[in-house]
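Student:
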């Protein structure tokens, strides 16, 4: 019987480790794919928000270009004051209800301010007359400036130098110097160049706060004449806020002036129909932060991986223990020289064997074995023993058993329902050994044996059967050898 080798300690620890590393890599890839999907989702949200904002400013531009009308009476409903050489105007009634509408309909809160030279506050001035034709659209700015959380404000800068803004907090921080230099600023120049498009600029901090904003701007034309500029401010932080969905940060940069920082992922141009700009969006990640996030979000998967490793090692150790136990158990029942059963192994086999009607126990012994050892040496004697064991093994049936119980003494067990067939079986074994014995030593050798055959119902013990067969072996030895005595 060939003994299955147990796993080495290196295999026990490294094989599960290899499998666990494979699962870990798959988990890492799954996390990476999930990160890419989340970033793509955020990109889609940002693109949709920018498209919506561009539609807002386009709609306001359409209103300014086509529907500006004079509403002088409305100007009388505005507060007016001059501060630091600038005229500030804002609505008296901050709750607006459309004319003719039922008063059960909620009024709309409006919040805007107009600012310009101090002549703007003079009802007789040209500036006042000009703004009266546009101020009816100021509530529209108020309605739309906070339609989405990321929209900070909407501003109209007229060519004559006055400023209309919603909410009024922006206008309150406008200075006379700013008004006089607006047309020379890059914002005005770039927007004027892109006559038929929306211009994207920023991100940049605003004077009113430390908030970074991006601006969508476009020139206003009426009957082909340039009237001013319309600008919509977008909160950069609000627009890119992922609400904790991503560990790293999203950034938008104007690639004409800046290049994306290191550790960037998924750099894409911020391409929006009808919007001109050289901006790109990217995801900036930090290795340590991402690793911490990975271990946090995949903690349960990693726990399962660790348990799989421990379980695999324990299972392999258990298999090792069982294999080694079976190996040593088998080793204890086998003769190390021949591979046949030893006496203990034969007794264990017989205790579990299913017997036929008859049981046959034979004790075989090599004739003149001592003289073989003395003449040819113990190595040849060992070869003779091994040869005899091999011949016995190939001559008996699968349900038979053979054992080496002494130096040159062998026991054979057979069972069956025909006594004569059992006798023939024992003779077959003897003949197989004798016929080819020259393979072991040139002169060949013979064997003698005693065979005890009894009915299995008699319940004879192995010791009793062995003793009876051994006595018959002695009889064969003393009456000429090279024979079996039944």
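In my numbering, the protein residues as written are 32 to 517.
Beta carbons are placed, not taken as given, at the ideal position from N, Cα and C, and that holds for glycine.
Remember, predicted model here, so these are calculated numbers, not experimental data.
With burial defined as no fewer than 16 other Cβ atoms inside 10 Å of the residue's Cβ, what is the status of residue 430: buried or exposed?
Tutor: For the purposes of this step, residue 430 is identified with residue 399 of the chain shown, where counting begins at 1. Its Cβ having fewer than 16 others within 10 Å, residue 430 is exposed.
Student: What first and last residue would you give for the beta strand (DSSP E) that runs through residue 463?
Tutor: For this step, residue 463 is matched to residue 432 along the chain shown. Where residue 463 is concerned, there is no enclosing beta strand (DSSP E), although the alpha helix (DSSP H) it sits in stretches over 450-466.
Student: Is the region 399-407 in contact with the region 446-460, if contact means three or more CB pairs nearer than 8 Å?
Tutor: no
Student: Cutting at 8 Å between CB atoms, please list the residues of its own chain near residue 535, excluding the five before and the five after it.
Tutor: The chain is shown only over 32 to 517; residue 535 falls outside these bounds and no answer can be derived.
Student: If contacts are defined as beta-carbon pairs under 8 Å, then residue 519 and residue 485 qualify, I think. What distance do you get, rounded to the angstrom?
Tutor: In this structure the chain extends from 32 to 517, so residue 519 is not present and cannot be described.
Student: Is the region 266-274 touching the region 174-189 in the sense that three or more CB pairs, one from each, lie closer than 8 Å?
Tutor: yes
Student: Does the beta-carbon distance from residue 146 to residue 202 come in below 8 Å?
Tutor: As a working note, residue 146 is residue 115 in the chain shown. As a working note, residue 202 is residue 171 in the chain shown. Yes; because the gap between Cβ atoms is below 8 Å, this pair is in contact.
Student: Three or more C-beta pairs closer than 8 Å, one from the region 353-367 and one from the region 422-429: is that the case here?
Tutor: no
Student: Pull up the distance between the alpha-carbon of residue 499 and that of residue 374, whole angstroms please.
Tutor: The sequence position of residue 499 within the chain shown is 468, counting from 1. The sequence position of residue 374 within the chain shown is 343, counting from 1. Rounded to the nearest angstrom, the two C-alpha atoms are 16 Å apart.
Student: Which one of 504, 517, 492 has the shortest CA to CA distance from residue 456?
Tutor: Here residue 456 corresponds to residue number 425 of the chain shown, with the count starting at 1. Considering only alpha carbons, the answer is 517.
Student: Can you tell me which of the three DSSP states residue 87 falls into?
Tutor: As a working mapping, residue 87 is identified with position 56 in the chain shown. Helix, per DSSP.
Student: Which ranges does the alpha helix (DSSP H) cover as unbroken runs of at least 4 residues, wholly within the region 326-397, from first to last along the chain?
Tutor: 330-364, 374-383
Student: Is residue 261 near residue 249, with beta carbons less than 8 Å apart?
Tutor: As a first step, residue 261 must be located in the chain shown, where it is residue number 230. As a first step, residue 249 must be located in the chain shown, where it is residue number 218. Yes; because the gap between Cβ atoms is below 8 Å, this pair is in contact.
Student: Here's the rule I'm using: 16 or more other beta-carbon atoms within 10 Å means buried, otherwise exposed. How should residue 409 be labelled?
Tutor: Start at 1 with the first residue of the chain shown, and residue 409 comes out as number 378. Exposed.
Student: For the beta strand (DSSP E) that residue 236 lies in, which residues bound it at each end?
Tutor: Reading the chain shown from its first residue, position 205 is the one you call residue 236. Per DSSP, residue 236 belongs to the beta strand (DSSP E) from 229-236.
Student: Helix, strand or coil for residue 185 per DSSP?
Tutor: Stepping through the chain shown from its first residue, residue 185 is reached at position 154. DSSP places residue 185 in strand when its eight states are reduced to three.
Student: Would you kindly report the start and end of the unbroken beta strand (DSSP E) that includes residue 433?
Tutor: Translated into positions along the chain shown, residue 433 becomes position 402. Where residue 433 is concerned, the enclosing beta strand (DSSP E) stretches over 432-435.
Student: Since residue 110 sits in a beta bridge, which residues does DSSP pair it with?
Tutor: In the chain shown, residue 110 corresponds to position 79, counting from 1. In DSSP, residue 110 forms a bridge with 121.
Student: Apart from the five residues just before and just after residue 493, which ones in its own chain have a Cβ nearer than 8 Å to its Cβ?
Tutor: Here residue 493 refers to the residue found at position 462 of the chain shown. The residues are 377, 378, 381, 392.
Student: Taking C-alpha atoms, which residue in 252, 300, 295 lies nearest to residue 18?
Tutor: A query on residue 18 cannot be resolved here, the shown segment of the chain reaching from 32 to 517 and no further.
Student: Ignore the nearest five residues each way along the sequence and tell me which others in residue 108's own chain have a CB closer than 6 Å to its CB.
Tutor: Reading the chain shown from its first residue, position 77 is the one you call residue 108. Excluding sequence neighbours, residue 108 sits near 123.
Student: Using the DSSP secondary-structure output, state which residues sit across from residue 550 in a beta bridge.
Tutor: The requested residue 550 does not occur in the structure, where the chain is confined to residues 32 to 517.
Student: Given this structure, state the Cα-to-Cα distance separating residue 71 from residue 173, to the nearest angstrom.
Tutor: The residue labelled residue 71 in the question sits at position 40 within the chain shown. The residue labelled residue 173 in the question sits at position 142 within the chain shown. Cα-Cα distance, rounded: 33 Å.
Student: So, residue 324 versus residue 278, is the Cβ gap smaller than 8 Å?
Tutor: As a working note, residue 324 is residue 293 in the chain shown. As a working note, residue 278 is residue 247 in the chain shown. Contact flag set, yes.
Student: Here's the rule: buried if 16 or more other CB atoms are within 10 angstroms of the residue's CB, otherwise exposed. What is residue 60?
Tutor: Working through the chain shown from its first residue, we reach residue 60 at position 29. Exposed, because fewer than 16 other Cβ atoms sit within 10 Å of the Cβ of residue 60.
Student: Relative to the ligand FMN, is the shortest distance from any of its heavy atoms to the C-beta of residue 263 smaller than 7 Å?
Tutor: You won't find the ligand FMN in this model; it holds no ligand whatsoever.
Student: Is DSSP giving residue 289 helix, strand or coil here?
Tutor: As a position in the chain shown, residue 289 is number 258, starting the count at 1. When DSSP states are grouped into helix, strand and coil, residue 289 belongs to the coil group.
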